[in-house]
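Residue numbers (my numbering): 1324 to 1515.
Just below is one structure, and these are the notes that go with it.
Put into structure tokens, the structure is as follows:
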């Protein structure tokens, strides 16, 4: 069961776009920008996603656990404000598109990101808590925890943004698995 069901046209026939590495049990998907469910996220490129095997089981130890990287035409350094705005558009659009209850107005997402202290100020990293309505499984507002890395591709003059997300807090052992979802060595060389 993939995150986006039939909400978007899947680009499963796209070869050579994988830039994430994960355990072979993780499901994968590639979605082109502009995103059908979030047209106001104004980039060109794609997102490469990996889902923990049991990500769709609310009672499980991997619920809503996945990673994705945006390989897009992002030339400006990502900021807290940029992340919060784009993640709000992303989750509000996604959950509205998936919602099947015509009588329900999906509650707006609330984003709260903080910049991590890093030794490299030119590559900001962030943590976040996102309050998101779950139109897929629980039909309730859930908290998603996010760890975000930025990677600058000098030759291409672009940033990659790697998101690791889970409904389980940062103390949970799932984060050891999530941190093992990484970019391939030549990720910057893969064009969008």
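Virtual Cβ for every residue (Gly too), placed ideally from N, Cα, C.
{"query": "Can you tell me the Cα-Cα spacing of residue 1351 and residue 1456, whole angstroms?", "result": "23 angstroms"}
{"query": "For residue 1359 and residue 1343, I'd like the C-alpha separation in whole angstroms.", "result": "22 angstroms"}
{"query": "Report yes if the C-beta distance between residue 1565 and residue 1377 is below 8 angstroms; otherwise report no.", "result": "Because the chain in this structure spans residues 1324 to 1515, residue 1565 falls outside the shown range and cannot be described."}
{"query": "The alpha helix (DSSP H) that contains residue 1419, what's its start and end?", "result": "1403-1421"}
{"query": "Between the alpha carbons of residue 1497 and residue 1420, how many angstroms are there, rounded?", "result": "28 angstroms"}
{"query": "So, using beta-carbon positions, are residue 1402 and residue 1491 closer together than 8 angstroms?", "result": "no"}
{"query": "Let me check understanding here. Comparing Cα to Cα, which of 1508, 1506 and 1452 lies closest to residue 1435?", "result": "1452"}
{"query": "Using a 10 Å radius around the Cβ and a threshold of 16 neighbouring Cβ atoms, would you call residue 1336 buried or exposed?", "result": "In this prediction, residue 1336 scores a pLDDT of 47, lower than 50, which makes its location untrustworthy; the coordinate-derived value is nonetheless stated afterwards. Residue 1336 is exposed by the Cβ-count criterion."}
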